[in-house]
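Visitor:
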Amino acid sequence: MSTKSLLRGLHPMHPGELLREEILPAVDRPKAEIARLLGVSRQHLYDILDERKPVTPAMAVRFGKLFGNGPELWLDLQSAYDLAAVTKKLAAELRKIPTLTAA
92 MSTKSLLRGL HPMHPGELLR EEILPAVDRP KAEIARLLGV SRQHLYDILD
142 ERKPVTPAMA VRFGKLFGNG PELWLDLQSA YDLAAVTKKL AAELRKIPTL
192 TAA
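Residues are numbered in my numbering as their position in the sequence shown, beginning at 1, plus a constant of 91.
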């Protein structure tokens, strides 16, 4: 079975989950210091970590610079998360919309 088929149906991870579960434990720095290094408030960082706020392009650039993994990772995670959420929310409406094909 392919990885793609294994992952089908799973909701993508919010970027805050990656930060909270993988990256921050690996860098082993206090969250207050991370917020200071990023130039944002602790509350803003906590809102992302708790998945209450999205990672904006500006935050993606900040995270990418601080952690050395570039902004694309953060934007891709947020985009996948947002698309999955809106697709789920609109599921009933989407079933009513036909898919057109070229003649």
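Glycine included, every Cβ here is placed at the ideal spot set by N, Cα and C.
For the 8 Å Cβ check, are there 3 or more pairs between the stretch 147 to 161 and the stretch 115 to 130?
Guide: yes
Visitor: Please report how far the alpha carbon of ALA193 lies from the alpha carbon of LYS187, in whole angstroms.
Guide: 19 Å
Visitor: How long is the line joining the alpha carbons of THR147 and PRO162, rounded to whole angstroms?
Guide: 10 Å
Visitor: Within the continuous alpha helix (DSSP H) that includes SER170, where are the two ends?
Guide: 161 to 180
Visitor: Less than 8 Å between C-beta atoms, sequence neighbours within five positions excluded: which residues of the same chain meet that for LEU166?
Guide: VAL146, PRO148, ALA151
Visitor: Which runs of the alpha helix (DSSP H) spanning at least 4 residues fall entirely within the stretch 104 to 158, listed in chain order?
Guide: 106 to 109, 115 to 118, 122 to 129, 133 to 140, 148 to 158
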